[in-house]
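Protein chains in written order, with my numbering: chain A, 1454 to 1652; chain B, 1454 to 1652.
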C-alpha cells in the first residue's frame, strides 16, 4: 500500500485535487482534527460554503453520502466513506486571535488559520478568503434548546478516515489542528492520500 | 417619533452605519425575517463572520449582549436590545438556487441573495463576497443529537425588534426575506431606523 502523506502536528498543506479523484483523510493516532477548505481551481472566488451545504443537507452533521456545495451552489465534492460520523462545519479555523480571546495566550500560535494562510499563498488565496472550514473529525456538541456549543475530544480512533470525491478541479487546504480543546490536549499528525492519483 | 424606513416584501437595501450609531430592525407585521450582512466601510475584505462569532460566543443563538466579529476577529457591532431572542446564523441567504434545489421551482425568484447582490453593488461588493448572513428573526430549529435542522415560523410578533450598535463604520445589506418557509408563507416588509443618525 502507498504510504499516506503526513501533515505534522500544528501545520498545514495545500494541493490540487482533480475532478473524479478521491481524497482519503486519516486520523493516524486518533482524536485529531483536520481543518479542510477548498476552492475551484479555475475560479478561486468559488469556495466551499457551510451555509449552502447545511441548508441543502438539512443537517449540521455532514457524513457519508452528503454533497458539499460552493457559495455558488455547485457541488464541489461528496463524502464517499466516513468511519467516524462526526465532524464540524460551524467554526472557523483556530487562529492567533482564537488563542488570545478563548485561551488567553499572550504569545499565541498562528493556529490552523495561520497555517492555511501560509499553505494557500502558493495558489494566490489571501487570508480574507478563508471562510468557515469543514473541520474533519472535530466534535462540537450543540444544545438544540440553548444553542450552547462545546468543543469535545474527537470521536475518531487511530486509523479512522473519511474519503471525499471531487466534482470539480479543486485547490485544497488542510491542517493538523493546533487548538488544544479540538484534539484533547495532544497535538498529533494527520494523514492523507489521493487514491486514484494516476488514473 | 421618526417613521422607520420600510423594506418592501422580497426586496433588499444597503446603507452606511457609522461607528457608534444604533440600528433598530423591526418586524412590522410579525413572523418575518431579515437577512443581514455587513462589511468594514474602509476595507471591504473584512466582513461579518458566523464562524468567529459563534466560536467566541460559545453559542449558535446570538442575542442581547453578544458581540459580532469579523473574519479578522474584530468586533463589528454588538446587540443592544432583542425582544425576540431567536435568530439564525447558520444559513446563507435564499437564492434562485435555493428555490430550485429546495422548493423545486422552475422559474425561481432571485431571493435574498439576489436582492443583496443588487443592493450591495452600489458599494462594489460582488456576489461571491456575500457569506453566511445573520438572519434576524429567522427560527431554525437544531436537533443536537441528530444535527437535523428545520426552518420554523419566526417567534417575532408585530412590533418586535433588535438594536445593533456599530463598533466600526459599516456597509450594511438587509432584506425582507423571500423564502416561504422562513416567514410562514406570507411575504411581509421589514422596518429599520438609525436611532442616532444626527449625532
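We treat Cβ as the ideally placed atom computed from N, Cα and C, and that holds for glycine. Note that the coordinates shown come from a computational prediction; the quantities given were computed from them, not determined experimentally.
Contact residues of the stretch 1548-1560 of chain A toward chain B are 1548, 1549, 1550, 1551, 1553, 1554 and 1555 (C-beta to C-beta distance below 9 Å). DSSP, read as helix, strand or coil, puts residue 1514 of chain A in coil. Among the residues facing chain A, residue 1585 of chain B is included, as its CB has a counterpart in that chain under 8 Å away.
Per the C-alpha coordinates, the member of A/1605, A/1621 and A/1636 positioned closest to residue 1530 of chain A is A/1621.
Counting only runs of 4 or more residues that sit fully inside the stretch 1489-1570 of chain A, the alpha helix (DSSP H) segments are 1503-1510 and 1549-1554, in chain order. Counting C-beta pairs with one atom in each stretch, the stretch 1577-1589 of chain A and the stretch 1551-1559 of chain A have fewer than three that are closer than 8 Å, which means they do not touch. The Cβ neighbour count for residue 1628 of chain A, taken over all protein chains shown within 10 Å, is at least 16; the residue is labelled buried. Beta bridge pairing from DSSP links residue 1592 of chain A with A/1605.
A/1505 is the residue among A/1505, A/1646 and A/1487 whose C-alpha sits nearest the C-alpha of residue 1524 of chain A. Beta-bridge annotation (DSSP): residue 1468 of chain A is paired with A/1625. Residue-level contact check: residue 1594 of chain A touches chain B, since one or more beta carbons of chain B fall below 8 Å from its beta carbon. Closest option to residue 1639 of chain A, judged by alpha-carbon separation, among A/1626, A/1568 and A/1605: A/1605. Annotation for residue 1619 of chain B: the continuous beta strand (DSSP E) segment containing it runs 1613-1619. Between the alpha carbons of residue 1494 of chain B and residue 1503 of chain B lies a gap of roughly 19 Å. Counting of Cβ neighbours within 10 angstroms places residue 1600 of chain B among the buried residues, the total reaching 16 or more. Residues of the stretch 1504-1521 of chain B with a C-beta atom less than 7 Å from some C-beta of chain A are 1504, 1505, 1507, 1508, 1509, 1511, 1512, 1513 and 1514, listed in chain order. Against chain A, a Cβ distance below 7 Å from residue 1600 of chain B picks out 1512, 1513 and 1514. Around the beta carbon of residue 1474 of chain A, 16 or more other beta carbons lie within 10 angstroms, which makes this residue buried. A residue is called buried once 16 or more other Cβ atoms fall within 10 Å of its Cβ, and residue 1562 of chain A is buried on that count.
In this structure, the beta-carbon distance from residue 1517 of chain B to residue 1496 of chain B does not fall below 8 Å. Just so you know, the alpha carbons of residue 1651 of chain A and residue 1509 of chain A end up roughly 33 Å apart. Judged by DSSP in its simplified three-state form, residue 1482 of chain A adopts coil rather than helix or strand. Judged by DSSP in its simplified three-state form, residue 1635 of chain B adopts helix.
The beta-carbon of residue 1631 of chain A is placed no less than 8 Å from the nearest beta-carbon of chain B. Secondary structure at residue 1574 of chain B: helix, using DSSP grouped into helix, strand and coil. The distance from the Cβ of residue 1595 of chain A to that of residue 1585 of chain B is about 16 Å, inconsistent with a contact at the 8 Å cut-off.
In the DSSP assignment, residue 1646 of chain B falls within the unbroken beta strand (DSSP E) covering 1643-1647. Within the same chain, and ignoring the five residues on either side of residue 1470 of chain A in sequence, the residues whose Cβ sits closer than 7 Å to its Cβ are 1476, 1619, 1623, 1625 and 1647. For residue 1465 of chain B, no chain A residue has a Cβ inside 7 Å of its Cβ, as the nearest lies near 17 Å away. Contact note: residue 1498 of chain B reaches chain A through 1581, using a C-beta cutoff of 7 Å and chain order. The Cβ atoms of residue 1547 of chain B and residue 1491 of chain B lie no closer than 8 Å to each other. Scanning A/1558, A/1593 and A/1463 for the CA closest to the CA of residue 1538 of chain A turns up A/1593. Judged by their CB atoms, residue 1540 of chain B and residue 1587 of chain B are nearer to each other than the 8 Å cut-off.
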